[in-house]
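Reading through the C-alpha cells given below for one structure.
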Amino acid sequence: MKKEQKSEIKILEKSLAKTLRMVTSQYNYKIVANCIYKGLGEFFTHAVFFVRVVDGDFKLVVRHYIKTYEEDNLFWTIFNMPDNINQRESLRANGAFVVQSIQLAESQYTIMINSDLESISKTVLEEFEIKVGKFLESINLSHEEYYQYILHQANFLSEKLKKMLAYILLNESDKALCLAKAEIEKGNRGGYQNDGKDIYQYIVDYCKNHSLKMS
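Residues 6 to 220, numbered by our numbering, are exactly what the sequence shown covers, in order.
This is the structure in C-alpha cells:
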C-alpha cells in the first residue's frame, strides 16, 4: 500500500467515525471507537467498520456481529469478573475480556474522500438492521435456538469457549465440562487468563461446583 493511500485511509476512517457518531442516534445505536452497537432484548448487536484498499479502490468494510447478554454475564461470573456485568455497555463491544460474537455478515461499500458519508452511514445502519433482523427471525428471537445455532457452527473465533458457554446456558454443564477437559488435555488454554488460571480451568471448576450443587 502506498503512503498516500495510508494517509487517505486515516482521513476516511476519521471522517466516517465523526459522521456515524452524528447519525447513529437516529437509529438508536451508540458508537465507541470503530464499533457501532445496540441491545435488542436478550441480544447484543454490534458492527466493526474500517477502510481498506481493494483493487485500487477504497472500500468501507463493515462486519456485523451478535451475541447474547447472557454469554458475557456467564463468562464474567465464571472468570471471577462479576463487576463487569454492570459496567458501561460499550465494554461488551470492544472490551478485552468479553465473549467473541458470531459474525453474521460482511458488507463493503466503495468510498472516496468526497463521498456523501452521511448517506453511506445511513445505508450502513439500515443494512445492519436488516441483516440482524433476518438472523433473529431465523432463530425465532430465541436465545435457546441461538445457542443451538452456536453448537452447530464451526470454524469461528473462540469456537470451543462459546460452545462451552452455550452448553452451560442450555443446562448441559456435563457437556461443557467434557469439552473443557478435552481442550486442556490438548494443551489449549482458551485465550483468557485471570489470577494465574486459564478460562478452561475456570469452566472445569464451575461445572464441577454446579454438579455438586445439583447432586
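Ideal placement from N, C-alpha and C gives every residue a C-beta, glycine not left out.
Of the residues S106, N160, K213, the one whose Cα lies closest to the Cα of E75 is S106.
In the three-state scheme derived from DSSP, where H, G and I count as helix and E and B as strand, Y70 is classed as strand.
Residue pairing by DSSP puts D203 in a beta bridge opposite Q198. Counting C-beta pairs with one atom in each stretch, the region 200-216 and the region 133-149 have fewer than three that are closer than 8 Å, which means they do not touch.
Two segments are said to touch when three or more pairs of C-beta atoms, one from each, lie closer than 8 Å; by this definition the region 68-88 touches the region 41-49. Ranked by Cα distance from M117, the first of K8, K7, S20, G100 is S20. Cβ-Cβ distances below 8 Å link H148 to E47, F48, T73, E75, L174 in the same chain, with the five nearest sequence neighbours on each side left out; the list follows chain order.
Around the beta-carbon of E188, 16 or more other beta-carbon atoms lie within 10 Å, marking it buried. Distance from the Cα of E190 is smallest, within the candidate group Q108, K35, F54, V209, for V209. Taking 8 Å as the upper bound for CB-CB distance, L170 and V104 are in contact here, some 7 Å apart.
With the rule of 3 Cβ pairs closer than 8 Å, the region 23-35 does not count as touching the region 76-88.
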